[in-house]
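Q: Before I ask anything, let me first share the structure, which is written out below as C-alpha cells.
Numbering (my numbering), first residue to last: 889 to 1117.
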C-alpha cells in the first residue's frame, strides 16, 4: 500500500484529503506543521509527500529542503501561489510536481499515481547490465543507479526518469513534448519550465562544468540530447 504524508494546516482540507486518499486505497498520515512533517518523513518513510507551502511554523520550501537533504521521496507541492516564478522556485528546491489551489481531487490523485510510479522505477532492483559510461559518470540503466568518481549520485525519481529517457537514445534528439508527456503526463506538454529546472539540477550533479554542458545538451526550442563522449 502506497503511504502518503499530507502536510497542510487547513483542518478541513487536510481531513478531506485524508478521507479521499484512504478511500482510494492509500495509507495516509496527516500533519499540520513543518516540524511535524520533517519528523514524520524521517519516522514513517512515506512513498509520496503532499506538501502545502503556507505552513504556520516553517515555510514549505524549508520543509522541502530538509527532506531533500536525505531523501529522494517524491514531493507534490500544494499552494495558492500560482505565478511561474513561484512554481520554478518550488521545482528548483526539489519538488517533483506543483498543484495550484483550488484543485480537483481527480487531478491530485493522478499526480500522486504518477509520482509513485516514477519513484518505483527509480528504486527498482539492482542489476549489472545496460551500463552507459562517460568520462565523468556512469549510468546503470537496469540498476537505476548513477555514480560519479565511484560515488553514488542521488537523483530524485523525476531526475532519473529524464536522464534515463536521454541515455536510452544516445546522440538522438528527444523532443520537449515527448519528455514532458512521458515523465509528467499529457497535461504537462506545455510546461517547458519544468524541463529547464530539472536539467539544470541534473547538470549540477553530473556535468564537470554545468554552465557549459558536455553530455546533457539543449537543442534550443526543440528538446534535449545525450552525448556520451
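Heads up, the beta-carbon is just placed ideally off N, CA and C, and yes, glycines get one too.
If you draw a straight line from the C-alpha of residue 957 to the C-alpha of residue 1107, how long is it?
A: Residue numbering aside, residue 957 sits at position 69 when the chain shown is read from its first letter. Residue numbering aside, residue 1107 sits at position 219 when the chain shown is read from its first letter. About 32 Å.
Q: Looking at C-alpha atoms only, which residue of 953, 925 and 899 is the closest neighbour of residue 893?
A: Along the chain shown, one-based indexing puts residue 893 at 5. That would be 925, whose Cα lies nearest to the Cα of residue 893.
Q: In angstroms with no decimal places, state the Cα-to-Cα distance between residue 1074 and residue 1062.
A: Within the chain shown, the letter at position 186 stands for residue 1074. Within the chain shown, the letter at position 174 stands for residue 1062. Approximately 16 Å, taken between the alpha carbons.
Q: Quick check on DSSP: helix, strand or coil for residue 1082?
A: Indexing the chain shown from 1 puts residue 1082 at position 194. The answer is helix: DSSP assigns residue 1082 an H, G or I state.
Q: Should residue 972 go down as buried or exposed, given a rule of 16 or more other Cβ atoms within 10 Å for buried?
A: If you number the chain shown from 1, residue 972 lands on position 84. Flag for residue 972 reads exposed.
Q: Does the beta-carbon of residue 1127 have 16 or more other beta-carbons within 10 angstroms, so that it is buried, or is it exposed?
A: An answer regarding residue 1127 cannot be provided, because it is not within the stretch 889 to 1117 covered by the chain.
Q: For residue 892, name the three-state secondary structure that DSSP assigns.
A: Here the question's residue 892 lines up with position 4 in the chain shown. Reduced to three states, the DSSP call for residue 892 is strand.
Q: Give a yes or no on contact between the region 978-985 and the region 1073-1090, applying the rule of three or more CB pairs nearer than 8 Å.
A: Yes, the region 978-985 is in contact with the region 1073-1090.
Q: Confirm, please, whether the CB-CB distance from residue 1022 to residue 1116 is below 8 Å.
A: Locating residue 1116 in the chain shown gives position 228, counting from the first residue. Locating residue 1022 in the chain shown gives position 134, counting from the first residue. In contact: residue 1116 and residue 1022 (Cβ atoms closer than 8 Å).
Q: Could you tell me which residues DSSP pairs with residue 923 in its beta bridges?
A: Stepping through the chain shown from its first residue, residue 923 is reached at position 35. Partner(s): none; residue 923 has no beta bridge.
Q: How is the beta strand (DSSP E) around residue 1111 delimited, first residue to last?
A: Position 223 of the chain shown, counted from the start, is the residue given in the question as residue 1111. Note, residue 1111: beta strand (DSSP E), 1111-1114.
Q: Which partner residues of residue 995 appear in the DSSP bridge assignment?
A: As a first step, residue 995 must be located in the chain shown, where it is residue number 107. Partner(s): none; residue 995 has no beta bridge.
Q: Would the beta-carbon of residue 891 fall within 8 Å of that of residue 935?
A: Residue 891 sits at position 3 when you count from the first residue of the chain shown. Residue 935 sits at position 47 when you count from the first residue of the chain shown. Their beta carbons are under 8 Å apart, which means residue 891 touches residue 935 by this criterion.
Q: Between which two residues does the beta strand (DSSP E) carrying residue 866 extend?
A: As displayed, the chain neither begins before 889 nor continues past 1117, which places residue 866 out of reach and without an answer.
Q: Considering only residues of the same chain and omitting the five flanking positions on each side of residue 910, which have a CB-CB separation below 6 Å?
A: Here residue 910 is taken as the residue at index 22 of the chain shown, counted from 1. Closer than 6 Å at the Cβ level, and outside the excluded window around residue 910, lie 916.
Q: What would DSSP say about residue 1030, mapped onto helix, strand or coil?
A: As a first step, residue 1030 is located in the chain shown; it is residue number 142 there, counting from the start. In this structure, residue 1030 counts as coil in the three-state DSSP scheme.
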